[in-house]
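Data block below; observations after.
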Amino acid sequence: MDLMSDDAISAFGLLVTEAIENLVDSHDGSLDKRAAMLTVDSPTFSKDGGQMVFAFKVSGNRQPPVAASIEIQRQGAEEDDQEFDFSPLGTALDALPRCQCDGFKADRHCSHTLAIAWWLQEQMARRSVADVFEFLGELEVDSEAAGRELVGELMKIARESAVTDQGSEATRIQWRIGLPQSRYYCPISITPYEQRPRKNGKGWTKGKETRSYDLLRRDFSGDPIDGRVTALVAKPSYSFEEDHFGEFRALQTLVGHDSVAWDDGDAMAVAVMSAELSLTLDPVEIEDDGDDDNEAPTEKKTKFRPKLVVSGIKIDPEECQVVFGHASPVDPIVVLADQKYNRLVICTLRDPRATRLIQFLLRADFSETLLDAEEAAKFSVGSTVVDSLVRVELPPQLAGPIVPVHAELVLELRPRPGAGLCLALAMYEPRFRELAVPGNPPAIVSCLTEEGPVRLERDLVMEKQSADAVVEHFELNLLSSDGNYRWVATSDEAALDLLASLYQGGELTPRLIWPEGESIRVRGEITPSALRVQIDDRRDWFGLTGSVQLDGREVPLAELLAAVRDNRSLVQVGDREFAKISEAFRKRLQQLGDTVVAERGALKVADAAVPAVQELIGDDVPIEATARWHDSIRRLESLSDWTPEKPVGLDATLRDYQLEGYQWLARLASWGVGGVLADDMGLGKTVQTLGVLLDRGPGGPALVVAPTSVGDNWVRETERFSPDLTAHLYRDSDRDKLIEAATENDLIVVSYQLLQRDAKRFAKRSWHTLVLDEAQFIKNSQTKTSQAVRMIDADWRIGLSGTPLENHLGELWSLFRTLSPGLLGSWDRFRNRFADPIERHKDDERRLSLSRLVRPFILRRTKNTVLTELPPRTEVTLQAELSKPERRLYEDARVAALAELSNTGGEDGQAGQQRIRTLAWLTRLRQLSCHPRLVDKTWKKGSAKLDLFTTLVDELREGDHRALVFSQFVKHLGLVRDALDERGITYQYLDGATPAKERQRRVDAFQNGEGDLFLISLKAGGTGLNLTAADYVIHLDPWWNPAVEDQATDRAHRIGQERPVTVYRLVAENTIEEQILELHADKRELVAGVLDGTDHAARMETKELIELIREGVSG
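Every letter in the sequence shown is one number past the one before it in my numbering, and letter 113, counting from 1, is 143.
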C-alpha cells in the first residue's frame, strides 16, 4: 500500500481497528474466562470478493483445533457485493465472526470468536494505524510461492515420466475390425493387438491379441486416441451391452487412425473415414414403346431412381456390407464396409428415424424402383421433411426455381398443464407446411404450387438476428429452456410477468399465436373509478387498505401496487384470468407506491406523506378515513394559506426570500415534519432558523448540532438577532448540568464530534427542537455520527445544508432517515425504487418521482436567483504548464498506474483492493500535478503551479487585493507557506488542527486587515466562516465535488461583500486535474436533477476512475 496517501492509509487502518474493537465489545462477558484459556495460532489473511478474511485455528481445553475466522467488510454491504466502496471519509467497516463450533451456531458468538478478536485487537494495538497494511502483508498467503511449488511438482512428474518412457520398449496397439457373422453377437467387433517393431527395423510384428479390459491399466498419455478407444470398448468378460454404443463411438474415434486392420487371417490395413449419406433422385431416360397394336414410334421419357450416395467418397453402398448401429440412443450410425478397397466409412445420421428410411432404400427389391414425373414432384415437395433425416439432393428439373422469402417471426403460446406457460419463437410463412425454428436449417423449403415446384429460400441470418433481439429485449433466456427458441414459464406469476411485458413491448412484440380456446384470458382495464380506499389510525402512522372491483372479483390495493412496482401491467383476477391496469391509473399507482411503505403486508403512510397520498388518491376515489386523517388534511389546508409575520423578538431585517424561508420553516414546525433548508451558502440560513426557534422557544430547549468551526458563530448570531434566546456552547465544564438545566428559550450548541462522544448524555432527555447545521455531516447513515444524531429524542427536526446532495442519492436518504423518518422508507426500498434506477439506469421517470416526493420538504434558493444586489462573481481557470522534468515524473506515474491496475482487475475477489489502489494512484497523480515534492521529498527542481501561484499573488498585491487560498492537501499549503515566508508575504493560516478559539481569532484578524492571504484547508475551513475582507479566491487544486469548492468560495462571496469577487482555479495542463473539472458538470447535474428536477448523474465505478487516469495523457 505504499502508493496510497498517508491520510488514506491511516484512515483505513483506523476503520479496521475500530471494526475489531466493536466485535470484541459485542461478546458477552460470560465468555471471557473460556476465551482466555484458548490458544490462537497466527492466522492467514486473504481477500475474497468484497471482504478481507482472517482464518484462524483455535485450540485448548484438550479439544482438537477449531476453525474460526473474522471477515472485514463494508457496513451495509450486500451478500453479492464485489468490492469495497472505500472512502477514507465515509466508509465504516464491520467485523463478522465465523466458527465451526456448536456454541457459535447457537447465538453467532462463542469463546473462539472472542479469542481471535482479542488476538487481532492486540496485534492492532502494537502497531500504528499506518502499519496496518504491512501487518496484513505479513499474514497474506503467498500465492506466488505456492505457484512456484506447484510448478516444481509438475516438473518432477515430467522428469519421472521421461525416465519411465526411456526405459520401456516401444510398442503400439493395432485395432482389428471384425464384421458380423451372426446376429447373436456384436455387429462389429474391435479387438486390440499389441505389436512390436521387427528386429530388422522394417514394420511391425503380426501382434498378439490383448484383452481390451486389461489395457485399462496402461499409460496412454502418449497415445490419447488409443486410450479413448480402450475406454469405449473395454468390458469385463461377463459384461453384455445390448446396444453396443461403445463400439460405434470407438469407430468414430478411429477415423484417420493409422493402425487399423481387418480381423481376419490377412489383417489387411483398413482406412477408417467419415462421410455423410445423401439421398438423390437420378434422372433415367426410359424408352416408351407406346401401344404395341398401333406400333407408334418409340418415345423417351424421364423417370427418376432414388439412390443413396456418399458425399465426397466414390463408393457404392449397394456393393458394401452395411451395418446399422447407434453411438447413443439419439445418434444413429451407418457403417459401410468396403472390403474390396479396404475402407470403412462411418456415416452419422441426423435423426434416429433415418435408419428405417435407409434400410428401406437398401432393400434388394427396391434397387430398380423408378418414379414418374408426378410422383417425383410429390417427393420433391416432401424432401424438406426428409432432409431433416438425411440430406436430399434433387436434380434441377425437380427442385423448381429459388424464391427468396421473408418469414414472419411469431411467438407460440400454450398454457402449461397445472400452471405456467410454454412458448416458442417460430417463423411463419403461408407456404410452409409447418412453423420453422428461427435461423435453423433447412435454408431451402420446397413446396408445390399451382405453377409447379418452387424452393423458398429463407434468410437464416436475419431470422436469428430478429429472434435474438426479441429474446434479449424480453429477457426470455431467464426462463427455463429446452433449446431451439423454446421456453417454459413454470408458474402463473412468471407467465403473468411475461404477458405484461409482451403487451407493453410495442413493435418489438411478435405476433402472438394461441391454441384454439386455450389462451390465458385478459379481461377489461382497471381504472381509478373501480378503487375503494380505507384509512385507519396506527401509533405513529396511518394504515392504508383498499381494493378494486372487476366483474364481481376483488383485487387488493397492495397487489396493484406490487404489480406496478414490478413493472407489470396485468394482475390476476381469477383462474388464468387477468386484468390490465390502465396507463393513467398505473402512473397514479406508481406515485402512490413512492409515498407509502409496504411492511409485513401492511401499507404505511407517514405523517409527512399525508398530503401527497390524499392528492394521489384523488377526488374520484371513494375514501373511508378516520377523524385523525381528516383533521390532518384540514390542518394542512389551513397551513398552506398561513403566512406568519416575522417574530417580534427577531432583531433583524429579513429580505423577502428570508421571510419566505422562515414562513416555510414555521409551517413545517406546525405540521410536525422535518425538512432541509438548502439555501446557498451566505443566504442567511441561520437567521431564518433563529426565527422559528423563537417561535418554539417557550415549548422547550433546542439542540443545535454544528461543525466546530461555526459553534461560536451560532452563539454570536443568537445574541445579536434573538436576545430572547440563550445560547450555551457545549465546551465548558459541568456538561451534565448544562444538559439537565436546559429549559425553555435555551439553545445548546454542540459539535458533531462531541455529540458522537456524549450521545448517551444527550439522549437521556427530550428536546423540543433539533437543528442540524451543515447537515451533510450525516450523509453516511452508517457512521457513528449519524447513529448518534438518530438517538436524539426531538419533537421536531430541521437540517441546514447548502449541499444536501453531493455524490449519490444515499446521502439524501440518510438525511431524511433522521429528519423525517418514514418518508423514504427503508434503504432497500429506496435503493430499489429510486437510487439504482436513477444512478445506474438513468431513469428519468424515477428521478422526477423522487423530486416530486421530496420537494415539499426541501427549500432551496441560489444566490443568483435571490441576491440580485450581490456583487458579480467571475471564475477563471489558469493552466500551469508542467516543466519537462515534472511532465516526465507525472507520465511515469500515470503509465505505472495503468500497468498495475490493468493487471489486478480481472478477478472479482480483487475488486475491492483494486478500487483502493485506484484511489491511491489518483491521489498520487493529483499531488504530482500540484508539486512533485508532495510525492518525492528529495525533489529540488521547483513546481510550475507554485510559480504560477506566486506570480498571481504578486499581481493581486499590486492591485491592493486580498485572497483566500484553498487546498485539500495540508502538505501543499505547507510548501506554499515556505514560499510566502521567503518573499515576506503576510498571511493567516487554518487547518483541521487549529483549535476552535484560535480559528476565530485568526478569522477576526484577517477581517481586520491582518494578512494579505488566508491559507485554508478545504475540509477544515470550507464552511461556516465569514471572510468578506477578501475579494479573490484561489483554489490551488480542484476537488472532486464542485459543491465543496463552491462552499469555500462562499466564504468571500456572501452577504456583506461589497466588491466583485474573482475565483481562480489553478489547474496543471494535461493532467488528471482537467478530468476532474469535466466531472464537475456531472456532479452539478445530480443536484439539479433531484432537487430542481432538471437532469441527473451517477456514482463513478472503479473502471471509470481508471479511465480518468488513462485519459490524463500528455499534450
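Glycine included, C-beta positions come from ideal geometry on N, C-alpha and C.
Beyond the five residues adjoining it in sequence on each side, residue 643 comes within less than 6 Å, by CB distance, of 625 and 635 in the same chain, given in chain order. By DSSP's assignment, residue 364 forms a beta bridge with 354 and 377. DSSP, read as helix, strand or coil, puts residue 208 in strand.
DSSP places residue 543 in the uninterrupted beta strand (DSSP E) bounded by 541-543. Here residue 298 carries a coil assignment [DSSP, helix/strand/coil]. Within the stretch 1040-1090, the beta strand (DSSP E) runs of at least 3 residues that lie entirely inside it are, in chain order, 1043-1047 and 1062-1065. Here residue 758 carries a strand assignment [DSSP, helix/strand/coil]. Straight-line spacing of the CA atoms in residue 1011 and residue 1082 works out to 24 Å. Look at residue 776 here: in three-state DSSP terms it is strand. Taking the Cα positions, residue 775 is about 20 Å away from residue 697.
Where residue 292 is concerned, the enclosing beta strand (DSSP E) starts and stops at 290-292.
With fewer than three CB-CB distances shorter than 8 Å, the stretch 786-798 does not count as touching the stretch 704-720. By the C-beta density criterion, residue 366 is buried, having at least 16 other C-beta atoms within 10 angstroms. Comparing alpha-carbon positions, the option among 564, 903, 139 and 472 lying closest to residue 652 turns out to be 564. Residue pairing by DSSP places residue 517 opposite 453 and 511 in a beta bridge.
Judged by their CB atoms, residue 451 and residue 443 are nearer to each other than the 8 Å cut-off. With a cutoff of 8 Å on beta-carbon distance, residue 62 and residue 139 are scored as not near each other. Under DSSP, residue 66 takes part in no beta bridge, so it has no partner. For the options 298, 358, 511 and 385, the alpha carbon positioned closest to that of residue 307 is the one of 385. Between the alpha carbons of residue 707 and residue 905 lies a distance of about 26 Å. Considering only 629, 649 and 1084, the residue with the shortest C-alpha distance to residue 618 is 649. If you draw a straight line from the Cα of residue 765 to the Cα of residue 966, it comes to about 47 Å. In the three-state reduction of the DSSP assignment, residue 1016 falls in the coil class, being assigned neither a helical nor a strand state. With 16 or more other Cβ atoms from the protein chains shown falling within 10 Å of its own Cβ, residue 819 counts as buried. Note that the C-beta distance between residue 557 and residue 612 is below 8 Å.
Taken in chain order, the complete beta strand (DSSP E) segments of 3 residues or longer contained in the stretch 646-732 are 705-707. Taking 8 Å as the upper bound for CB-CB distance, residue 757 and residue 777 are in contact here, some 4 Å apart. When rounded, the separation of the alpha-carbon atoms in residue 467 and residue 514 is 7 Å. In this structure, DSSP gives residue 626 a state outside helix and strand, which the three-state scheme calls coil. Residue 200 counts as exposed, since fewer than 16 other beta carbons sit within 10 angstroms of its beta carbon. Proximity to residue 220 across 282, 527 and 637 peaks at 282, based on C-alpha coordinates.
Closest in alpha carbon position to residue 274, among 232, 362 and 329, is 362. In the assembly as shown, residue 280 is a buried residue. Its beta-carbon has 16 or more other beta-carbons within 10 Å. DSSP places residue 458 within a strand segment (E or B) once states are collapsed to three.
Classified as exposed, residue 211 has fewer than 16 neighbouring CB atoms from the shown chains inside 10 Å of its CB.
By the beta-carbon neighbour count (other beta carbons within 10 angstroms, threshold 16), residue 405 is exposed.
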